[in-house]
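Asker: Chains as they are written, first to last, in the working numbering: chain A, 376 to 795; chain B, 688 to 1284. C-beta atoms are modelled at their ideal positions from N, C-alpha and C, and glycine is treated no differently. Bear in mind that the values here come from a model prediction, so they are computed numbers and not experimental data.
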Amino acid sequence: MKELSVDVAVIGGGPAGLAAAIEAKDQGADHVIILERDVELGGILQQCIHDGFGLHRFGKRLSGCGYAHHFIESVAEKAIDVKLKTIVLEITDQKIIYAMNEVDGMMKITCGAMILAMGCRERTRSQVFIWGTRPSGVLTAGTVQRYINMEGYLPGQKAVILGSGDIGLIMARRMTLEGIEVEGVYEVMESPGGLTRNISQCLKDFQIPMHLATTVVRIHGNKKLEGVTVAQVDENRQPIQGTQRFIPCDLLVLAVGLIPENELSRQLEVEMDSRTKGPIVDEHFMTSIPGVFAAGNVVTVFDLVDYVSLTGEIAGRGAAKFIQGKLNLQMPAKDVLPGDSVNFVVPQRIRTVNAEDSIPIYFRVKKEMRKVEVTATVDGQVCMRKKHAIALPPEMMVETIQLEKIHEDARELRVSVKVG
Amino acid sequence: MKNKIMKVIQENKSLSGYKIGVSVSSEQIVTLTGQVDEWQQVVDCGHLVARVKGVRNIVNDMTAKGIVIPKRDRSKEIQRAIENGKETTCDIVVIGAGVIGCAIARELAKYQVSTIVVEKNSDVAEEATKANNGNIHPGVLAKPGTLKAKLNLKGNQMYTQLSKDLNFELQRPGSLNVIYKKSEWRKMKALEVMKKTGLGHLVPQMRQVMKVPGLKWLTSQEVKQMEPHLKGNPIGGFWMTTMGLVEPYEVCIALAENAVENGTEFRLNTEVLDVLVENGRTVGVVTNQGVIRSEIVINAAGVYTDTIAEMAGDRFFTIHPRRGAIAIIDKSRKGFLKTPAGIRGGKEAKKNNTKGGGASVTPEGNLLWGPTAVEIPWKEDKSVEASDLDYITKLGMSVTNEVKRSEIITFFAGIRAADYMEDFIIERSRKVGGLIHVAGIQSPGLASAPAIAEMVAGLVNQERGGLMDNPNFNPIRKAKPQFRHLSHQEQDQLIQKNAKYGNIICRCELITEGEILDAIHSTIPATTVDAVKRRTRSGMGRCQGGFCGPRVLEILARELEKEPTEITLKGNESYILKADSRQPIVVEGGSHERIEC
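1. Does DSSP put B/Met1142 in a helix, a strand or coil?
2. Span of the beta strand (DSSP E) holding A/Ser733?
3. From A/Gly507 to A/Arg692, what does the alpha carbon distance come to, in whole angstroms?
4. List the residues of chain A that B/Gln1178 touches, going by C-beta distances under 7 Å, in chain order.
5. Let me know if B/Thr776 comes out buried or exposed under the rule of 16 or more other beta-carbons within 10 Å of its beta-carbon.
6. DSSP three-state label for A/Ile386, please.
7. Please confirm whether B/Pro1050 and B/Glu934 have their CB atoms less than 8 Å apart.
8. Are the C-beta of B/Ala1073 and some C-beta of chain A separated by less than 8 Å?
9. Taking the alpha helix (DSSP H) that B/Asp660 falls in, what are its first and last residues?
10. Can you give the Cα-Cα distance for B/Trp1056 and B/Gly1045, rounded to whole angstroms?
11. Identify the contact partners of B/Asn1190 in chain A, using a Cβ-Cβ distance below 8 Å as the criterion.
12. Against chain B, which members of the stretch 517-539 of chain A pass a CB distance test of less than 7 Å?
13. I want to verify the contact list: residues of chain A whose CB lies under 7 Å from the CB of B/Asn1259, in sequence order.
14. Report back the beta-carbon spacing between A/Leu416 and A/Gly512 to the nearest angstrom; my notes put them in contact at under 8 Å.
15. By a C-beta neighbour count over all protein chains shown, 10 Å radius and 16 as the cutoff for buried, is B/Val1071 buried or exposed?
16. Terminal residues of the continuous alpha helix (DSSP H) containing B/Lys882?
17. Please state whether DSSP places B/Glu1283 in a helix, a strand or coil.
18. From B/Asp1001 to B/Glu1202, what distance separates their C-alpha atoms?
19. Select from the stretch 488-522 of chain A all residues with a C-beta closer than 8 Å to any C-beta belonging to chain B, and list them in chain order.
20. Could you confirm whether any beta carbon from chain A is found closer than 8 Å to the beta carbon of B/Asp1267?
21. Report the residue ranges of all beta strand (DSSP E) runs contained in full by the stretch 748-774 of chain A; include only those spanning at least 3 residues, in chain order.
22. Grouping DSSP H, G and I as helix and E and B as strand, with all else coil, what is A/Asn718?
23. How would you write the range of the beta strand (DSSP E) that B/Thr718 sits in, first residue to last?
24. If the criterion is Cβ atoms closer than 8 Å, does the pair A/Pro722 and A/Val656 meet it?
25. What residues match up with A/Met647 in a beta bridge as DSSP calls it?
26. Just verifying my parser: in three-state terms, what is the DSSP assignment at A/Phe446?
27. Spell out whether any CB of chain A is found under 8 Å from the CB atom of B/Gly1236.
28. Starting from B/Lys1081, follow the alpha helix (DSSP H) in both directions and report where the run begins and ends.
29. Give the secondary structure of A/Glu783 by DSSP, where H, G and I count as helix, E and B as strand, and everything else as coil.
30. Report the option in A/Val450, A/Val414 and A/Gly494 whose CA atom is closest to the CA atom of A/Pro654.
31. Spell out whether any CB of chain B is found under 8 Å from the CB atom of A/Leu685.
32. What separation, rounded to the nearest whole angstrom, lies between the Cα atoms of B/Glu1285 and B/Tyr705?
33. Between A/Tyr528 and B/Asp1217, is the Cβ-Cβ spacing less than 8 Å?
34. Counting pairs of Cβ atoms below 8 Å between the stretch 633-641 of chain A and the stretch 701-708 of chain A, do you hit three or more?
35. Can you tell which of B/Pro1162, B/Leu902, B/Glu770 and B/Glu806 has the C-alpha that lies nearest to the C-alpha of B/Gly783?
36. Use the C-beta contact count for B/Gly772: other C-beta atoms within 10 angstroms, 16 or more gives buried, fewer gives exposed.
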């Protein structure tokens, strides 16, 4: 078995992993390695040929591939080690990684710090409980995207989309452009799950109807999908009698949400947050296990890739500091807590002693609200206020807290959002 | 007898108002006709009549309001098949490549006969077998004196050797009946006394239990120790230590592969359209792929055994399809339960003619909840309903309330092939020479499969006389490597030998390209995405093929030298891709031309 020793090992070569590796290298980690299971770097960005990526970071509307390209080039320039088609089978709290590929076989990689950047995966039909049979023609939006954008195949000719998250919306447009008839987008909730701009650019511009508070209740067809039954739902998301409608179609596209992919993290038994479905992290995105960092959608599902890259950079910086012994882990951490109307916050704890001048706090609100004020309090004392016209659950919010506002013996920082 | 049956029906509250026709043949076969309101009444009526003494079996032609089961007219297809002139001759045709058909085929391979197995699906194990929970029952619960009772006991014991020979995984964690009620515990203690003293032999209902080895009675403490995650405070438990666990499709594939290695021919995508009978003897079958002439026809067609019997002019039983839905829990709960466990004394189970269900475990470590038992009119309806999952959840939760519904990664249903006597029908046809029925095989069919196969070989011997041993029979089937079960050292060595084992295709279950290639190029080649899944587990994990689906499809297309658009999920028309987006596609009412740029 091959044995390797590196300073920082990054698991996953998507936007989070790429940014983390580059930053770790820039901050002085000598030997950085990226372990990527796919045949190329970039992660899911490679199948995102639509534009709108990088508005925050580059001030440009890039395609997913274009956005990834910036980072991939940088990785090459900085001579960061990349192992493709390489899968990590096991990680230990001794920071040992067992990874394998066709060329090297099994590798035992010992590292100074480890960054978990495995991204997320899609929820499947069973997780949203759609009744009926199990024919072909029921695919997740990401799989459909891969078939159409990367492989050049059309998985159907008449589609129904379940879920109004961004991937669902973007696939509605993409399929229409490819000549697949999109009958409609169905959303079980009373408000759409995707970004406002995507609803406008992907549905309205193409006259694709969206049906809110309506869901797919049944799949028909034994071998090949023959159609679906949709129904309106009541406030408890139960189908309303008499509203059932059969739609003949040969493709059901499921865009029913993403789940952070934390199988490896769980192996390590890092502390997890039941709301984010990812590890609890600190101001450097370090998990509960010293030297093990997490970044991007593995921590929680972000809606913008810019945030994913940013968290990658924070983790990369943390990893470099960790191997240089610059992180003070003795000092107890302060809790960062979700306050009123806030669903979760990331990071969930901070050690001010290690923090830089300011700390970005990512959070999502529980419900749609207009004319809101975001407040951050330190032990009940307001330390930040900011007004926003609107706050929507699908859109991740971020506020930066100045370090000087958090006094040393404070116990907790709380982020709340109130109307008015 | 007819009057007695009429009386029984009329005295039944839910059936008394209907006009139900009853006729009884000289062989004590009862035929029922008429229309009722609900399908369940059709089934109830059949079961009611089955309990009348002397009834051999029931042909139930009753219908329920609004339910029309169309009869397929096969005459044109038969005509075409005969006219195309393709004809083969062999000694024995086995209809159906489920675990029963495959077990029979492998058993017959021990003798000097030529066998062809025909299967309408694109793979073996495609119907009831793949949707089975994999329990090799100990045989406690079968009714004494039935074929089920006899063959279950024997089959269970045969599995040990079979798993060694065929290299499939068999675990024997036993099965646990958890007892919470004092009255149940008293009954169980009485059972213990009967078993220990041998007194049970005097009680007809107990005779089966007397024959089952390895029964243990556990105290509350012992139960807790064995299964710490069980809910509440059980008074005790009844541990049937011989219960085994297998992956049912793995057993079926192993049997089929070994049969092929010993000279049996399998014809997939081959549907029987007619059974040929001349001068009171079967002389073969007509299939959609031509005629196969044979001296003996074995009817192991699962839910369609009654259809096949009818084709041969020997209609004496009716299969009433009974759906069983199962839910599979994420592997993160591996080791949570060690043995399949159920609560003793469930009322629902009795009503539904099942052994009960509960929480089971697969050899791979997934928890499994279910199955349900719902009578349905349609033999092909494998849909899962909300009510199924409610029931499944109740079963699972009755055993442990720590596992949540959200941990379910998938659910599916299979159809049990039950007849109204609720016993196996394994016999030579009394009307048609050379025809052997292996019908009504529902649970414990999987556990009984090897014993059923032996019994069928015996019937073949009676039919033909003088079955000669096959001196070249090799009972051993070598299993392919399973990467995930190896140590890192062994994995490394495997990759050094063949780099394809170093390429993970299915991330959730850690399945390598090497294993997928093995499946595609195996003795019974996997030609669909689901067939690859059954042989390797790719796509069985928590992402349910989201990541690996496109890759498996690509490998299948490459290896089978087909277009990706020709690859199916599960045979027939179950295509995954509609068109190559670089080709013009034809849409109803016009076409979209594409120009390459």
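Answerer: Looking at the atomic coordinates:
1. Here B/Met1142 sits in helix by DSSP.
2. Start and end: Ser733 to Val740.
3. Cα atoms of A/Gly507 and A/Arg692: separation of roughly 49 Å, rounded to the nearest angstrom.
4. Contacts between B/Gln1178 and chain A, judged by CB atoms closer than 7 Å, involve Met475 and Met481 in chain order.
5. Counting the other Cβ atoms within 10 Å of the Cβ of B/Thr776 gives fewer than 16, which makes it exposed.
6. Strand.
7. Taking the C-beta atoms as reference points, B/Glu934 is found nearer than 8 Å to B/Pro1050.
8. Interface criterion met: the Cβ of B/Ala1073 is under 8 Å from a Cβ in chain A.
9. The structure shown does not extend to residue 660 of chain B, since chain B is modelled only from 688 to 1284, so the question has no answer here.
10. One C-alpha to the other measures close to 6 Å.
11. Against chain A, the beta carbon of B/Asn1190 has neighbours under 8 Å at Lys460, Asn476 and Glu477, listed in chain order.
12. Of all residues in the stretch 517-539 of chain A, Gly517, Thr518, Arg521, Tyr522, Ile523, Glu526, Gly527, Tyr528, Leu529, Pro530, Gly531 and Gln532 have a Cβ within less than 7 Å of some Cβ in chain B.
13. The answer, in chain order, is Lys598.
14. Not quite, the Cβ-Cβ distance comes to about 32 Å (not below 8 Å), so this is no contact.
15. Of the residues assessed, B/Val1071 falls on the buried side of the cut-off, its CB having 16 or more other CB atoms within 10 angstroms.
16. For B/Lys882, the uninterrupted alpha helix (DSSP H) segment begins and ends at Lys869 to Thr884.
17. For B/Glu1283, the predicted model reports a pLDDT of 46, less than 50, meaning its position is unreliable; a value from the coordinates is still stated below. Three-state result, B/Glu1283: coil.
18. Put simply, the backbone Cα of B/Asp1001 is about 45 Å away from that of B/Glu1202.
19. Residues of the stretch 488-522 of chain A with a Cβ closer than 8 Å to any Cβ of chain B, in chain order: Arg496, Glu497, Thr499, Arg500, Ser501, Gln502, Phe504, Trp506, Gly507, Thr508, Arg509, Pro510, Ser511, Gly512, Leu514, Thr515, Gly517, Thr518, Arg521 and Tyr522.
20. Taking a beta-carbon distance threshold of 8 Å, B/Asp1267 counts as an interface residue toward chain A.
21. Correct list: 756-766.
22. The three-state secondary structure of A/Asn718, taken from DSSP, is strand.
23. Residues Ile716 to Val723.
24. Closer than 8 Å, so yes.
25. A/Met647 is bridged by DSSP to A/Pro654.
26. Here A/Phe446 sits in helix by DSSP.
27. Chain A contact via Cβ: present.
28. Ala1073 to Val1086 is the extent of the alpha helix (DSSP H) around B/Lys1081.
29. A/Glu783 falls in the coil class under three-state DSSP.
30. Nearest option by C-alpha distance: A/Gly494.
31. No, A/Leu685 lies away from the interface with chain B (no Cβ there is under 8 Å from its Cβ).
32. With chain B running from 688 to 1284 in the structure shown, residue 1285 of chain B is simply not present.
33. 8 Å or more divides the Cβ of A/Tyr528 from the Cβ of B/Asp1217.
34. With the cut-off at 8 Å, the stretch 633-641 of chain A and the stretch 701-708 of chain A do not touch.
35. Answer by Cα proximity: B/Glu806.
36. When all chains shown are included, B/Gly772 counts as exposed.
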